[in-house]
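Comments concern the structure below.
2 protein chains.
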Amino acid sequence: MDAAAIVVIGNEILSGKVQDKNSPFLIGELRELGVPVKRIVTIPDEIDVIAETVGECAATFAHVITCGGIGPTLDDVTFEGIARAFDVPLVTDPTLERIIREQVGDRITDAHLRMAQLPEGNELLWDGGLPWPATRVRNVLVLPGSPELVEKKWGAVRERFRAAPFVLRRIYLAIDEAAIAADLQEIDTAFPSVDVGSYPVFAPVDHETQITLESKDVGVVEASVEALLSRLDPSVVVRID
Amino acid sequence: MDAAAIVVIGNEILSGKVQDKNSPFLIGELRELGVPVKRIVTIPDEIDVIAETVGECAATFAHVITCGGIGPTLDDVTFEGIARAFDVPLVTDPTLERIIREQVGDRITDAHLRMAQLPEGNELLWDGGLPWPATRVRNVLVLPGSPELVEKKWGAVRERFRAAPFVLRRIYLAIDEAAIAADLQEIDTAFPSVDVGSYPVFAPVDHETQITLESKDVGVVEASVEALLSRLDPSVVVRID
Chain G
76 MDAAAIVVIG NEILSGKVQD KNSPFLIGEL RELGVPVKRI VTIPDEIDVI AETVGECAAT
136 FAHVITCGGI GPTLDDVTFE GIARAFDVPL VTDPTLERII REQVGDRITD AHLRMAQLPE
196 GNELLWDGGL PWPATRVRNV LVLPGSPELV EKKWGAVRER FRAAPFVLRR IYLAIDEAAI
256 AADLQEIDTA FPSVDVGSYP VFAPVDHETQ ITLESKDVGV VEASVEALLS RLDPSVVVRI
316 D
Chain Y
76 MDAAAIVVIG NEILSGKVQD KNSPFLIGEL RELGVPVKRI VTIPDEIDVI AETVGECAAT
136 FAHVITCGGI GPTLDDVTFE GIARAFDVPL VTDPTLERII REQVGDRITD AHLRMAQLPE
196 GNELLWDGGL PWPATRVRNV LVLPGSPELV EKKWGAVRER FRAAPFVLRR IYLAIDEAAI
256 AADLQEIDTA FPSVDVGSYP VFAPVDHETQ ITLESKDVGV VEASVEALLS RLDPSVVVRI
316 D
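Sequence lines, in order, name chains G and Y.
Counted from 1, the first sequence has number 286 at position 211 by my numbering; the numbering is strictly sequential.
Counted from 1, the second sequence has number 224 at position 149 by my numbering; the numbering is strictly sequential.
What follows is the structure, encoded as structure tokens:
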């Protein structure tokens, strides 16, 4: 299954100045598209750490999405980090340089022009008529840090990621999860393609435990639901959805 | 500086069933205590991935805090992962076994007793009269996944982590960050112990850019603020706090 990793880049997240809204957003989006997220890593704006993290994730997962660190200032070093991860130089993109020069005019500085420098071998994604493209370097999609810009750019490119959907069933039980741990273990063994989750609930609601059964194959999920229900005392099953 | 990593363990986070509230909470707490957070990694309930991630973080950072995966069911494999990270066996803690037997009585299962199995060399933290301890294995503090339980356990042990506080100044500017990128670069070079941050603001407020200057040395931070202000046209400085 073609899984994804999300790499969140920014000292402002790690120091608590800004709360990360991008990874919860992307988790939801990727889930809806049928792409499992297998790792999220939040790291500082440091070239070596970015290079190591992106390099490892790009080698391990089908898709990597980075957020943050692509602006014009000194702490924006994501592209340098990605270039180092793939051992390629930064090159100036002539189209981006022209756009920057048109927009900034006489006020232009080296800082503005840095935004046209991308890792060699990059691909610019202008989907949906984006005025400034999203960038892809091999299997790494590079997004900005601002949640407003992430939503805009991701919204333009998201259909590129669509895969087969997940099927999720939830079973709510009026019983302590430890009491059915052996049953869950059997289901997990009998249905290796089904992700089995068990979550104790501490809030005062009508159930003590929520079981989730999830896979990309609806038939297998339904069979696992039936198999679990056949092992449980019907009086503990509050509801299924 | 003794930095920390947070490792969030749970398929339910990665699949979007539950939003991670623990790492934002712990970032704020650690910041307040003067402990810089340098990495956050969210990973699935898989023993090998936990072992690799915890092992790498424990070798790289002074403190590691894990959240999740310590309940009684099959997907709770955090302690197995940590044991593998340090190449030690799981051993049954007699005190925890006694507590479990007293609380659960005749309904006891192997699943309940699994919660008394901890990596060899663990230390139980009963701070503040916790009815069930927090566990530490070398430099890894192991917390549960439920935010209510995290707040309770962390609240009991947090003073163990207190370090020298951070000093943060914010400068709000009515100017595009690219226009002052060279000034920021000079400040960054002149004050290597100060973390310099630059954040563009897209919302319609009274400033376009927020600069942050942060360190553990108040004198150095104030000197960096003065040095930056001396480089800026006073008319672009909206306020400082």
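Each residue gets a CB set at the ideal place from its N, CA and C atoms; glycine is no exception.
All figures in this text were calculated on a predicted structure; none of them were measured in a lab.
Starting from residue i and walking both ways along the beta strand (DSSP E), at which residues does that stretch end?
| i | result |
| --- | --- |
| Ile115/Y | 112-118 |
| Ala209/Y | 209-212 |
| Ile175/G | Ile175/G -> not in any beta strand (DSSP E); alpha helix (DSSP H) instead, spanning 169-179. |
| Ala79/G | 79-84 |
| Leu188/G | From DSSP, Leu188/G is part of no beta strand (DSSP E) but of the alpha helix (DSSP H) over 185-189. |
| Glu198/Y | 197-200 |
| Ile286/Y | 284-290 |
| Pro194/G | 192-194 |
So which residues on chain G does residue i lean against when the C-beta distance must stay under 8 Å?
| i | result |
| --- | --- |
| Leu149/Y | Ala256, Leu259, Gln260, Asp263, Val271, Ser273 |
Starting from residue i, follow the alpha helix (DSSP H) in both directions and report where the run begins and ends.
| i | result |
| --- | --- |
| Leu303/G | 293-306 |
| Pro275/G | No alpha helix (DSSP H) contains Pro275/G, which is instead part of the beta strand (DSSP E) from 270-275. |
| Ile315/Y | That residue, Ile315/Y, is in no alpha helix (DSSP H); its beta strand (DSSP E) goes 312-315. |
| Leu108/G | Premise fails: Leu108/G is in no alpha helix (DSSP H) and is neither H nor E. |
| Ile262/G | 256-265 |
Run the proximity test for residue i: is its beta-carbon closer than 7 Å to any non-hydrogen atom belonging to the ligand FMN?
| i | result |
| --- | --- |
| Pro99/G | Looking at this structure, you won't find the ligand FMN or any other ligand, since it has none at all. |
Would you please verify whether the beta carbon of residue i is less than 8 Å from any beta carbon of chain G?
| i | result |
| --- | --- |
| Ile118/Y | yes |
| Gly130/Y | no |
| Gly230/Y | no |
| His282/Y | no |
| Pro240/Y | no |
| Lys92/Y | yes |
| Ile102/Y | yes |
So with CB distances below 9 Å, who are the chain Y contacts of residue i?
| i | result |
| --- | --- |
| Ile115/G | Val83, Ile88, Leu89, Asp95, Ile115, Val116, Thr117, Ile118 |
| Phe277/G | Ser221, Glu223, Leu224 |
Taking 8 Å as the CB-CB limit, is residue i close to chain Y?
| i | result |
| --- | --- |
| Ala253/G | yes |
| Arg106/G | yes |
| His138/G | no |
| Pro99/G | yes |
| Gly204/G | no |
| Gly146/G | yes |
Taking C-beta pairs closer than 8 Å, name the residues in chain Y that residue i reaches, listed in chain order.
| i | result |
| --- | --- |
| Thr184/G | Ala253, Ala254, Ala256, Ala257 |
| Thr135/G | By Cβ distance, chain Y contributes nothing, its closest Cβ being about 10 Å from Thr135/G, past 8 Å. |
With C-beta atoms as the reference, is residue i less than 8 Å away from residue j?
| i | j | result |
| --- | --- | --- |
| Arg233/G | Glu104/G | yes |
| Ile262/Y | Leu307/Y | no |
| Gly143/G | Val152/G | no |
| Val124/Y | Ile118/Y | yes |
| Ala231/G | Leu218/G | no |
| Val94/G | Pro164/Y | The amino acid occupying residue 94/G in the given sequence is Gln; Val does not appear at that position. Contact: no. |
| Leu89/G | Lys113/Y | yes |
| Thr141/G | Ile84/G | yes |
| Ala186/G | Ala257/Y | yes |
| Glu283/Y | Gly146/G | no |
| Leu248/Y | Val293/Y | no |
| Asp150/Y | Ser310/G | no |
| Phe241/G | Arg159/G | no |
| Val215/Y | Ala133/Y | yes |
| Leu193/Y | Phe161/Y | no |
| Val269/G | Glu289/G | yes |
| His138/G | Val110/G | yes |
| Lys96/G | Pro222/G | yes |
| Val179/G | Gly156/G | no |
| Ala239/Y | Ala265/Y | no |
| Arg211/Y | Asn197/Y | yes |
| Asp168/Y | Leu205/Y | no |
| Arg244/Y | Ile183/Y | no |
| Thr148/Y | Leu188/G | no |
What does residue i touch in chain Y if you count any residue whose Cβ is under 7 Å from its own?
| i | result |
| --- | --- |
| Val112/G | Leu89 |
Mind listing the chain G neighbours of residue i? Cutoff is C-beta to C-beta under 7 Å, in chain order.
| i | result |
| --- | --- |
| Thr287/Y | Lys92 |
Worksheet item: What are the uninterrupted segments assigned as beta strand (DSSP E) that are 3 or more residues long and contained completely in the segment 123-153 of chain Y, given in chain order?
Response: 138-142, all fully within the segment 123-153 of chain Y.
Practice prompt. Note down, one range per segment and in chain order, each alpha helix (DSSP H) of at least 4 residues found wholly within the segment 216-244 of chain G.
Written response: Every alpha helix (DSSP H) stretch that sits fully inside the segment 216-244 of chain G and reaches 4 residues is listed by chain position as 222-232.
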